[in-house]
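One structure below.
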Amino acid sequence: MKSILVQLDTDPQPSVFDRVVAVDAGVDQLFSHGGATPETVESLVHGAIFTRGIPDLSRTAIFVGGSDVAAGEHVFAAVQQAFFGPMRVSVMMDSNGSNTTAAAAVLRARRHVPLAGSVAVVLGATGPVGQRAAELLALEGAHVRVGSRSVERAAETCEAIAGRVDGDLSPVATADPDGVSTALEGASTVIAAGATGVQLISAEMLKAATDLEVAIDLNAVPPLGIEGVEMTDKAVETDGVVRYGAIGVGGTKMKIHTAALKRLFDANDGVLDTEAIYRIGESLEA
Numbered sequence: 424m425k426s427i428l429v430q431l432d433t434d435p436q437p438s439v440f441d442r443v444v445a446v447d448a449g450v451d452q453l454f455s456h457g458g459a460t461p462e463t464v465e466s467l468v469h470g471a472i473f474t475r476g477i478p479d480l481s482r483t484a485i486f487v488g489g490s491d492v493a494a495g496e497h498v499f500a501a502v503q504q505a506f507f508g509p510m511r512v513s514v515m516m517d518s519n520g521s522n523t524t525a526a527a528a529v530l531r532a533r534r535h536v537p538l539a540g541s542v543a544v545v546l547g548a549t550g551p552v553g554q555r556a557a558e559l560l561a562l563e564g565a566h567v568r569v570g571s572r573s574v575e576r577a578a579e580t581c582e583a584i585a586g587r588v589d590g591d592l593s594p595v596a597t598a599d600p601d602g603v604s605t606a607l608e609g610a611s612t613v614i615a616a617g618a619t620g621v622q623l624i625s626a627e628m629l630k631a632a633t634d635l636e637v638a639i640d641l642n643a644v645p646p647l648g649i650e651g652v653e654m655t656d657k658a659v660e661t662d663g664v665v666r667y668g669a670i671g672v673g674g675t676k677m678k679i680h681t682a683a684l685k686r687l688f689d690a691n692d693g694v695l696d697t698e699a700i701y702r703i704g705e706s707l708e709a
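Quick note, the sequence shown lines up with residues 424 to 709 if you use our numbering.
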């Protein structure tokens, strides 16, 4: 029986990127729907679960994507609410690559630093990728400093993550160079997940962070988020700091994305959210 992936994209046009990855992951049939909303997905979900017998539902799966992560989260929840009893299929959410990118970044950091008990800083942590990176770092037992220009927003993010993970999170204000430098004091890992084209750490600030062991910049649009980290850097060690750029992390992100899509067809009850996708990436590292 052929595998079918139903792509529910919150943008008007379904992502070509996500479609290509699905094809490369070996999906036999890809049904792509744009403009997905919580109000419109129920009939699409029912079309997926009522057309095959229960033993064959593992050959159908749903992928939620799009550029708006918050909208994707709402659709992801609505999809699960449309299931009942054994009438369900596996579902994955990776709007704007948020889950797979965060997973890849934390796994790269983990290669070089024992995260448990260490201090890790996430800049731009109130954004979708930053939030997920902070959550995964907390899951690994790191003391996570959640950085934002607004300490109030950072505190709200800490509270939201604490509702999902029992971790050590503290909000830090990073609206100016002094705030960023203070946040980096004693930290062994920094992940810059801010808005595109915004420099968060200057070369001088990076050099002054003498405890830093790993610097990961997820921004691919100049000026990059961390000065001195090139977008193609992949485990490049300079001045005692191992550096990764967006493209350097991208290879791992793509492997996780592909593996997660394949995992959807192992059973009909998988729910691939932030932690589940991270665990898949973790299994690839073994």
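Cβ atoms here follow ideal geometry from the backbone N, Cα and C, with glycine treated the same way.
Extent of the continuous alpha helix (DSSP H) to which residue i belongs
i	result
Ile472	464 to 472
Gly553	551 to 562
Leu530	521 to 535
Ala501	492 to 504
Distance between beta carbons of residue j and residue i, contact taken as under 8 angstroms
i	j	result
Ala539	Ala565	7 angstroms
Ala610	Ala658	No, Ala610 and Ala658 are not in contact; Cβ-Cβ is about 19 angstroms, not under 8 angstroms.
Ala661	Asn642	Correcting the residue type first, residue 661 is Thr in the shown sequence and not Ala. The pair is not a contact, with the Cβ atoms about 18 angstroms apart (cut-off 8 angstroms).
Ala484	Leu546	Contact flag wrong, Cβ pair sits at about 34 angstroms.
Ser518	Gly489	5 angstroms
Ala578	Val512	Rounded, the Cβ-Cβ distance is 38 angstroms, inconsistent with contact.
Same chain, Cβ closer than 7 angstroms to residue i, neighbours up to 5 away in sequence not counted
i	result
Arg531	Ile639, Tyr667, Val672, Thr675
Glu715	Residue 715 lies beyond the stretch modelled for the chain, which goes from 424 to 709, so this question has no answer here.
8 angstroms Cβ shell around residue i - same chain, five flanking residues per side excluded
i	result
Gln622	Pro646, Leu647, Gly648, Ile649, Glu650
Thr655	Gly668, Ile670, Gly671
Same chain, Cβ closer than 6 angstroms to residue i, neighbours up to 5 away in sequence not counted
i	result
Arg576	Thr549
Gly704	Ala526, Leu530, Ile679
Ser521	Val492, Pro551, Val552, Arg555
Pro435	Gly457, Gly458
Assigned exposure category for residue i - 16 Cβ within 10 Å defines buried
i	result
Gln452	exposed
Pro594	buried
Met424	exposed
Glu708	exposed
Phe440	exposed
Endpoints, beta strand (DSSP E) assigned at residue i
i	result
Glu660	657 to 661
Asp441	Looking at the DSSP string, Asp441 is not in any beta strand (DSSP E); the run it does join, the alpha helix (DSSP H), is 439 to 447.
Val450	First-last for Val450: undefined, no H or E at that position.
Met515	513 to 516
Ala543	542 to 546
Thr483	483 to 488
Sequence ranges, alpha helix (DSSP H) only - wholly within the segment 665 to 697, length at least 4: Taking only runs of at least 4 residues, the alpha helix (DSSP H) segments lying wholly in the segment 665 to 697 are 669 to 686.
Just to confirm the assignment: which complete alpha helix (DSSP H) runs, minimum length 4, are found wholly within the segment 564 to 630? Here the runs fully enclosed are 574 to 585, 600 to 607.
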